[in-house]
Amino acid sequence: MAFISSAAMKAAVAALLVFAAVSPAARAVAAAVGGAPSVPAGSLDIAQLGAKGDGKSDSTPMVLKAWKHACEATGQQKIVIPKGNYLTGALDLVGPCKSSIIIRLDGNLLGTGDLNAYKRNWIEIQNVDNLSINGHGTIDGQGALVWNKNECQRSYNCKILPNVRASSFSVCPLLRKVM
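Each residue of the sequence shown is one higher than the one before, starting from 864 at the first, in this note's numbering.
In structure tokens form, the structure reads like this:
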């Protein structure tokens, strides 16, 4: 009968634990008994969620779906807005989130000219920490489409046009190369 040294036994147990932690079968069992591991770092491409970068189709649901998934997941998450023109209505990006989030903006986010698509603002970011927006795309509210609907110069009781508003967020120093 062969004996295994204490150091060899510890190494074998450690190797089995690591294998069990990364094994798909182990993750499936953990999920079935309610001990699912955290969602690993990931990337969510809005085009893969169904958004069309044609500048005409409404991409709001896909952007909000990507935000919801990224905000609820753990580990660093990335929302990718690929090249194209993505038309959206109101985008309420609300936290607190469990993860840090990077929005990779390579395409263009366009605000719709339909004022009925907005409750208040076009993009509203609230209670979000560790948010980074980078890329070579643009955030374009397309104000010229609705400026003629603004009666604020003629009437005190006017509706203020939608805009971008960020409040109650911190540790978000990374707004880079976004035109």
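Where a beta carbon is used, it is the ideal one built from N, C-alpha and C, also for glycine.
Residue-level contact to chain C via CB, residue i, 9 Å cutoff
i: Gly-916; result: Absent here is chain C; the protein component of the structure consists of one chain.
Contact under 9 Å by Cβ, residue i with residue j
i: Gly-970; j: Asn-948; result: yes
i: Gln-939; j: Ser-963; result: yes
i: Ala-818; j: Ile-909; result: Residue numbering for the chain in the displayed model covers 864 to 1042; residue 818 lies beyond these limits and cannot be assessed.
i: Ile-1023; j: Leu-994; result: no
i: Gly-918; j: Leu-978; result: no
Residue i, buried or exposed, once every other Cβ within 10 Å from all chains shown has been counted against 16
i: Glu-987; result: buried
i: Asn-990; result: exposed
i: Tyr-981; result: buried
i: Asn-984; result: buried
Residues sharing a beta bridge with residue i, DSSP
i: Glu-935; result: DSSP lists no partner for Glu-935.
i: Gln-940; result: Gly-905 and Ile-964
i: Asp-977; result: In DSSP, Asp-977 forms no bridge with anything.
i: Asn-948; result: Asp-917 and Asn-971
i: Ile-1002; result: Leu-972
Own chain, CB closer than 8 Å to residue i, minus 5 neighbours either side, in chain order
i: Cys-1021; result: Asn-1013, Glu-1014 and Cys-1015
i: Pro-945; result: Asp-908, Ile-909, Ala-910, Gly-916, Asp-969 and Gly-970
i: Leu-912; result: Met-925, Lys-928 and Ala-929
i: Gly-976; result: Gln-1005, Leu-1008 and Val-1009
i: Asp-1003; result: Asn-971, Leu-972, Leu-973 and Gly-974
Spatial neighbours of residue i in its chain, beta-carbon cut-off 6 Å, leaving aside the 5 residues before and after
i: Gly-916; result: Gly-947, Asn-948, Tyr-949 and Gly-970
i: Pro-959; result: Asn-990
i: Asp-955; result: Glu-987
i: Ala-914; result: Ser-922, Met-925 and Tyr-949
i: Tyr-1019; result: none
Nonlocal neighbours in the same chain, by C-beta distance under 7 Å from residue i, ignoring five residues either side
i: Glu-935; result: Lys-961
i: Ser-906; result: Lys-941 and Val-943
i: Val-957; result: Gln-989 and Asn-990
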